[in-house]
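This report concerns only the one structure given below.
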Amino acid sequence: MRAWVVHQPGPMATGPVRLIERARPEPGQGELLIRVLCCGVCRTDLHLAEGDLPPRRPDVTPGHEVVGEVVEAGPGTVRFRPGDRVGVAWLAGTDGSCRYCRRGAENLCPRSVFTGWDIHGGYAEYLVASDAYVHHVPDGFSDAEAAPLLCAGIIGYRALRRAELPPGGRLGIWGFGGSAHLTAQVALAAGAVVHVFTRAAAARDLALGLGAASAQDSFDDPPEPLDSAIIFAPVGGVVPAALAALDRGGTLAVAGIHLTDIPVLNYARHLFQERTLRSVTANTRGDAEEFLRLAQQLRLRVTVTPYSLGQADRALADLAADRVSGAAVLSV
Ligand SMILES: [Zn+2]
Ligand SMILES: [Zn+2]
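Going by the numbering used here, the residue at position 267 of the sequence shown is 304; the numbering climbs one at a time, nothing skipped.
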């Protein structure tokens, strides 16, 4: 089968990813063999390719927004059978026994493994995934539309909850790509007023089209103080701006797995008056279930920029250069 691998992490211009031929994997105990139909291109894949995230195994196949069809159910699988349309997301396994797992915070499990980082992901024709960590794909979405729900959507949903947005509150969003454009719709459906901050003009247009109250450049002042904010851009430099934009008691959540360094903060301008800065780390399977149900109920509109499997390197380069509208998705 064809599969992309991260061979030599570095800037996209240096060609860090390669398309290779590899044997089709076999499903082990509790695993499903899945034929990939579509795989979303997440910024985390770019961080892995460019070396911002240290590789956990050589020549790993990236991709953790996989919509596929089960072709073989290994021994001990109980949830899915051949022919089912399924989704494979970032969280691929946990120990189920540590203090975090036991208190319902499996997203913090120190022994968790991740799709497309510890185990081969969906930039390929097939992958295997643990039956217990695979998701039902909601109806009403094409394969390409469903793919970005599986990380961009789920992580954005967790970030929104971590941002403690009050009912009818004012939400600021920094960066407006795959994750943000889904999260904004969830917030708007709950009655929020959404203000978007991004340097990309096409992303500002997309935000306004989806119902954002305003869209401006990353470092522009907010039109009004914010109750909550989420940073999706991997840019630590916007943290002080987002904190300064918060009203008293406001909360800023940083959604990404990687952020460049945060500049020195000033206590009075950025944190006093009980403003809160918090991170978002992966997700639980419960987050995923809740979000996928909500995506179907709200009929989220997914904006997709399509690529073929053979164009994964181009999709990553376009993501790096802010040339993707909504979410990039590979069709296999
Ligand atoms: Zn654990
Ligand atoms: Zn992701």
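Yeah, the Cβ is synthetic: ideal placement off N, Cα and C, and Gly gets one too.
Bridge partners for residue i per DSSP, in chain order?
i: A357; result: Beta-bridge pairing links A357 to no other residue.
i: Y344; result: L367
i: Y163; result: R72
i: S362; result: Looking at the DSSP assignment, S362 forms no beta bridge with any residue, so it has no partner.
i: R122; result: E106
i: G130; result: V150
i: Q222; result: DSSP output for Q222 lists no bridge partner at all.
i: S316; result: V291
i: L90; result: Bridge partners of L90: none, in fact.
i: I267; result: I210 and A290
i: S251; result: H232
i: I57; result: A40
i: H173; result: V123
i: G77; result: V366
i: V97; result: V43
i: I156; result: T152
i: L335; result: Beta-bridge pairing links L335 to no other residue.
Whose CA, out of the options, lies closest to the CA of residue i?
i: G141; options: R322, D350, L331 and L346; result: R322
i: V291; options: G209, E109, W127 and H101; result: G209
i: P204; options: A252, A244, L263 and I156; result: L263
i: A126; options: T98, L186 and F117; result: L186
i: G248; options: G159, H232 and S167; result: H232
i: G214; options: V366, S362, P259 and P53; result: S362
i: D96; options: D121, V54 and M38; result: V54
i: P177; options: L337, G120, D324 and E162; result: The sequence given here has Gly at residue 177, not Pro. Closest option to G177, Cα to Cα, is L337.
i: L202; options: P62, T313, A365 and G159; result: T313
i: G113; options: G65, C146, G120 and P99; result: G65
i: T81; options: R118, A349 and C188; result: C188
i: Q222; options: A250, A239 and P175; result: A250
i: A396; options: S167, A40 and L335; result: Since the displayed the chain opens at 38 and closes at 369, residue 396 lies outside it and no answer follows.
i: Y160; options: A349, D121, L302 and L245; result: A349
i: G273; options: D284, G293 and A239; result: G293
Are there any heavy atoms of ligand 2 lying less than 7 Å away from the beta-carbon of residue i, as far as the coordinates show?
i: H218; result: no
i: T81; result: yes
i: C75; result: no
i: W211; result: no
i: H172; result: no
i: W127; result: yes
i: I192; result: yes
i: H101; result: yes
Under 7 Å: does the beta carbon of residue i sit that close to some heavy atom of ligand 1?
i: Y137; result: yes
i: D132; result: yes
i: R140; result: no
i: R322; result: no
i: C188; result: no
i: R148; result: yes
i: E261; result: no
i: E143; result: yes
CA-CA distance, residue i and residue j?
i: R93; j: A184; result: 24 Å
i: A196; j: A217; result: 10 Å
i: V103; j: E326; result: 15 Å
i: H157; j: L85; result: 13 Å
i: C79; j: P277; result: 25 Å
i: H295; j: V275; result: 14 Å
i: T297; j: A270; result: 10 Å
i: V115; j: V123; result: 14 Å
i: Y194; j: R59; result: 35 Å
i: R148; j: S134; result: 10 Å
i: V230; j: A358; result: 29 Å
i: D89; j: L356; result: 15 Å
i: L164; j: R136; result: 30 Å
i: L289; j: G77; result: 26 Å
i: G22; j: A129; result: Only positions 38 to 369 of the chain appear in this structure, which leaves residue 22 out of reach.
i: S255; j: D324; result: 29 Å
i: P260; j: A364; result: 27 Å
i: T342; j: V369; result: 14 Å
i: T131; j: R207; result: 36 Å
i: C146; j: R236; result: 35 Å
i: Y344; j: L243; result: 20 Å
i: G6; j: L56; result: Absent from the model: residue 6. The displayed extent of the chain is 38 to 369, so no value can be given.
i: E162; j: L219; result: 27 Å
i: V366; j: E143; result: 28 Å
i: A282; j: F234; result: 11 Å
i: R61; j: D180; result: 22 Å
i: V43; j: C138; result: 30 Å
i: P119; j: G286; result: 50 Å
i: A279; j: I268; result: 8 Å
i: R360; j: A252; result: 18 Å
i: D121; j: D284; result: 47 Å
Could you confirm whether any beta carbon from chain D is found closer than 8 Å to the beta carbon of residue i?
i: L128; result: Of the chains in the structure shown, none is chain D; there is only one protein chain.
Would you check if there are 3 or more beta carbon pairs closer than 8 Å linking the stretch 292-310 to the stretch 327-347? no
- [ ] Pair every Cβ in the stretch 58-74 with every Cβ in the stretch 100-114, then say whether three or more of these pairs are closer than 8 Å.
- [x] yes
Please determine if the stretch 155-171 and the stretch 312-319 are in contact, where contact requires at least 3 C-beta pairs separated by less than 8 Å.
-> no
Three-pair Cβ contact test at 8 Å for the stretch 142-154 versus the stretch 48-61
no
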